[in-house]
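As you go down the protein sequences, you meet chains A and B in turn.
Sequential numbering from 1 applies to the first sequence in the numbering used here.
Sequential numbering from 1001 applies to the second sequence in the numbering used here.
Beta carbons are placed, not taken as given, at the ideal position from N, Cα and C, and that holds for glycine.
Protein chains: 2
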Amino acid sequence: MHDMPLSQIASYAGSKERLRLWIRLLRVSRTIENELRLRLKSEFDMTLPRFDVMAALNRKPDGLLMSDLSRFLLVSNGNVTVIVDRLVTDGLVVRSSREGDRRTSIVTLTDAGMTLFRQIATEHEKWVNELLGSIGDEEARHLAGMLKSFRSNWET
Amino acid sequence: MHDMPLSQIASYAGSKERLRLWIRLLRVSRTIENELRLRLKSEFDMTLPRFDVMAALNRKPDGLLMSDLSRFLLVSNGNVTVIVDRLVTDGLVVRSSREGDRRTSIVTLTDAGMTLFRQIATEHEKWVNELLGSIGDEEARHLAGMLKSFRSNWET
DNA sequence: TCTTGAAACTTCATGCTTGAAATAATTGAC
DNA sequence: GTCAATTATTTCAAGCATGAAGTTTCAAGA
Chain A
1 MHDMPLSQIA SYAGSKERLR LWIRLLRVSR TIENELRLRL KSEFDMTLPR FDVMAALNRK
61 PDGLLMSDLS RFLLVSNGNV TVIVDRLVTD GLVVRSSREG DRRTSIVTLT DAGMTLFRQI
121 ATEHEKWVNE LLGSIGDEEA RHLAGMLKSF RSNWET
Chain B
1001 MHDMPLSQIA SYAGSKERLR LWIRLLRVSR TIENELRLRL KSEFDMTLPR FDVMAALNRK
1061 PDGLLMSDLS RFLLVSNGNV TVIVDRLVTD GLVVRSSREG DRRTSIVTLT DAGMTLFRQI
1121 ATEHEKWVNE LLGSIGDEEA RHLAGMLKSF RSNWET
């Protein structure tokens, strides 16, 4: 075993390591998120939550239900309603009712929405690449793999 | 070199890997953050931002300036004001003016604040340990190391 | 059919968060 | 010493986010 105080072994081996990891994880994602938010705002007058919704919709040409968006983006239902409302106002997405179930509405990108998204996404990818520049290709793949295994473990 | 389309090599080698990594990173931290928020609320009627502030103050017994908190927690000045206001109302922290500079105020935990923090921190560490349970000790150290190098690269 | 329960959303109150503008105190150049 | 620039903080408007309560619609059994 490694060197650690008895109290830790008794309770949770490696607990400190994982706590430290969590703090680092949080700081890295906050730093990147802040920087991306800033650039989205200044370059495209776009917010991160709206961009996230557009990115999710872009992956599914047939559209997504409100609840799909909520699940996928890990935010509440009420939140999605507000964000989509604003995107509708801006003409970037549309809600259309579905045959056979009048409770649901399918959200899809408009043509304007698709065009704008593609523009922003190109820059966004460059930014992320730049911000994570200190991480090599191989390392990135390795890290992503670890994080993926976490997700699938937890998500079930 | 690895197998990848020409277009990628031409623009940003490994760009897709790093974008994927960023998305995973974001999803993992959101998942954990959501779960921690839920538990803090139900077990201690505490919010995550307030807990973050208390954790920062706990590390510095002599207290921190508002601007220190803002820098450390990576949130805006105005935000810190609001959070600290609420903690003061709850009697968990105090603002005290500093000799020689009447612009600044030093924030410290009260005794009640310290007591409560220690209680919550114990549980919090267990939760994090549980949520990151699928990551081994060695792996955690490795990951934390990578993330640290990123930070110091960016932070300057 | 009717009615009970569940599902998909929306609305609302509350709290978090930012960025810009305002206030107040300090520092430095002259 | 005075004034301009800087620093620390607060205030404010707008947007994001949650969870609970409410509305409408669907589904399925008695």
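Under 8 Å from the C-beta of A/M146: neighbouring residues of chain B: I1135, E1139, L1143
Reducing DSSP to helix, strand and coil, say where B/T1047 ends up. coil
With B/D1101 as the anchor, note down where its beta strand (DSSP E) starts and where it stops. 1101 to 1109
How long is the line joining the alpha carbons of A/M46 and A/V128, rounded to whole angstroms? 16 Å
At a Cβ cut of 9 Å, what residues of the segment 20 to 35 of chain A count as close to chain B, listed as they run along the chain? R20, L21, W22, I23, R24, L25, L26, R27, V28, S29, R30, T31, I32, E33, N34, E35
Spatial neighbours of A/S97 within its chain, please: C-beta separation below 6 Å, excluding the five flanking residues on both sides. S105
What are the residues in the segment 1086 to 1120 of chain B lying within 7 Å of chain A by C-beta distance? none
Under DSSP, the beta strand (DSSP E) around A/V94 begins and ends at which residues? 93 to 98
Report the rounded CA-to-CA distance for A/G63 versus A/L69, giving the unit in angstroms. 10 Å
Contact list for the segment 43 to 59 of chain A against chain B, Cβ threshold 7 Å: none
Among B/S1042, B/F1150, B/R1027, B/R1059, which one has its Cα closest to the Cα of B/E1123? B/S1042
Please state whether the Cβ-Cβ distance between B/E1033 and B/L1048 is less than 9 Å. yes
Are the Cβ atoms of A/G113 and A/V84 separated by less than 9 Å? no
Return yes when the Cβ of B/A1144 is within less than 9 Å of the Cβ of A/R24, no when it is not. yes
Checking 9 Å against the spacing of the C-beta atoms, do B/F1117 and B/N1077 come in under that value? no
Quick one: which chain A residues come within Cβ less than 7 Å of B/L1069? In chain order: nothing, as chain A lies at least about 14 Å away.
Minimum Cβ-Cβ distance from A/R18 to chain B less than 9 Å: yes
is_contact[A/L131, chain B] using C-beta, thresh 9 Å: yes
Close-in-space but distant-in-sequence residues of the same chain around B/V1088 (CB under 7 Å, 5 per side omitted): V1094, R1095
Please confirm if A/V82 has its CB atom under 9 Å from at least one CB of chain B. no
How about B/P1061 and B/T1115: are their beta carbons less than 9 Å apart? no
Distance cutoff 9 Å, beta carbons only. Does A/G78 sit that close to anything in chain B? no
For A/L36, the three-state DSSP class (helix, strand or coil): helix
Inter-residue spacing [alpha-carbon to alpha-carbon] between B/E1035 and B/G1100: 44 Å
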